[in-house]
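With the numbering used here applied, the sequence shown closes on residue 509, and no number is skipped along the way. For every residue, glycine included, the Cβ atom is placed at its ideal position computed from N, Cα and C. To start, the structure itself, in structure tokens.
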Amino acid sequence: MKRIVVLNPKGGSGKTTLAINLASYYASRQQKPVLMDLDPQGSSVRWVKKRQPAQPPIHVIAGFEHDARMTRSFQMRIPTDATHVIVDTPAALEPLRLPDITRGADKIIVPVLPSDIDIHACSRCIRDLLLVAKVRREEDRIGVIANRIRRNTLTYQSLIRFLQTLGIPIVTTIRDSQNYVRAAELGIGVHEMKSYVARDDVEQWGPLIEWLARGPGDAPDPAPVTPVVANA
Ligand SMILES: Nc1ncnc2c1ncn2[C@@H]1O[C@H](COP(=O)(O)OP(=O)(O)O)[C@@H](O)[C@H]1O
Ligand SMILES: [Mg+2]
């Protein structure tokens with residue numbers, strides 16, 4: 278079982294969007310994903326509740342709730358047949374909570390939007406992951422996703438340079454697309470949309486899925502993935 282944590286203390290960067298679309302991807306590939314929602318806003322939980330019986334099931338855990346009728350460990354239990362646990366995390370997460378939240382994570386995904394403020398917040402988040410949560414970069418556990426890319430832009434140049442000095446990859450670029458908004462409303466992900474509608478979106482998930490499947494001992498790509506910027 279793989280544990281994947283989607284994290285960035287900056288709100289609106291795409292944590293929930295990535296978490297639910299990953300769950301949708303694995304569910305549509307006959308895997309058994311579990312979505313663990315640690316955000317009190319409960320967006321991931323609400324998304325799962327919108328799913329129709331015909332859609333492959335996704336087990337969801339409302340990790341933010343404290344249900345007095347059951348013990349915490351019972352509430353947080355993961356089904357034994359789970360293949361992936363995807364953890365959606367809240368905004369404004371204190372650095373001191375990072376060690377707890379990232380403990381045992383095989384991969385940590387940090388989505389970042391193409392704005393100065395977001396890039397700055399992302400750099401701080403990466404620094405906290407390395408220094409506070411003590412994630413070692415050689416483990417290839419942290420990956421950045423450039424999210425909501427609209428057009429050719431150099432906005433990411435400073436982030437790319439910063440990440441290169443740290444050896445952290447930008448794993449993929451996700452374009453700004455209404456398909457994410459529409460899919461979320463329906464309780465599905467882009468992977469469950471008609472392929473002629475979402476082909477361009479689905480394609481961008483390839484490098485992320487590949488990176489997530491990689492173990493710590495696997496050889497990295499010969500050339501680092503260059504985050505290219507999509508023309509939308
Ligand atoms: N690639 C994208 N294209 C279009 N809209 C997006 C994309 N990623 C996120 N959004 C939208 O941006 C908003 C914030 O995203 P969300 O995933 O909820 O962020 P977070 O969980 O980090 O707060 C949502 O309305 C979501 O639908
Ligand atoms: Mg969210």
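Tell me the rounded alpha-carbon separation between residue i and residue j.
| i | j | result |
| --- | --- | --- |
| L375 | Q329 | 34 Å |
| I338 | Q441 | 35 Å |
| R425 | I451 | 6 Å |
| V387 | G289 | 12 Å |
| A507 | S301 | Unreliable positioning characterises A507 in this predicted model, as indicated by a pLDDT of 46, which lies under 50. The coordinate reading is nonetheless provided below. Whole-angstrom Cα-Cα distance: 23 Å. |
| L295 | R346 | 31 Å |
| D417 | K384 | 8 Å |
| Y303 | R280 | 13 Å |
| R476 | M470 | 9 Å |
| G492 | V282 | 15 Å |
Between the beta-carbon of residue i and the beta-carbon of residue j, is there less than 8 Å?
| i | j | result |
| --- | --- | --- |
| H343 | V311 | no |
| V421 | V389 | yes |
| N285 | G466 | no |
Just to confirm the assignment, what range does the beta strand (DSSP E) spanning residue i have?
| i | result |
| --- | --- |
| K384 | 384-389 |
| R401 | Careful: R401 lies outside any beta strand (DSSP E), inside the alpha helix (DSSP H) at 393-408. |
| T449 | 447-452 |
With 16 as the cutoff for other CB atoms within 10 Å, does residue i come out buried or exposed?
| i | result |
| --- | --- |
| I419 | buried |
| A398 | buried |
| K411 | exposed |
| A368 | exposed |
Under 7 Å: does the beta carbon of residue i sit that close to some heavy atom of ligand 4?
| i | result |
| --- | --- |
| V311 | Ligand 4 is not part of this structure, which contains only ligand 1 and ligand 2. |
Would you give the residue range spanned by the alpha helix (DSSP H) that residue i belongs to?
| i | result |
| --- | --- |
| R459 | 455-463 |
| D417 | Neither: D417 is in no alpha helix (DSSP H) and is coded neither H nor E. |
May I have a chain-ordered list of the alpha helix (DSSP H) segments no shorter than 4 residues that lie completely inside the stretch 286-356?
The alpha helix (DSSP H) runs lying completely inside the stretch 286-356 and spanning 4 residues or more are 292-305, 320-326, 349-352, given in chain order.
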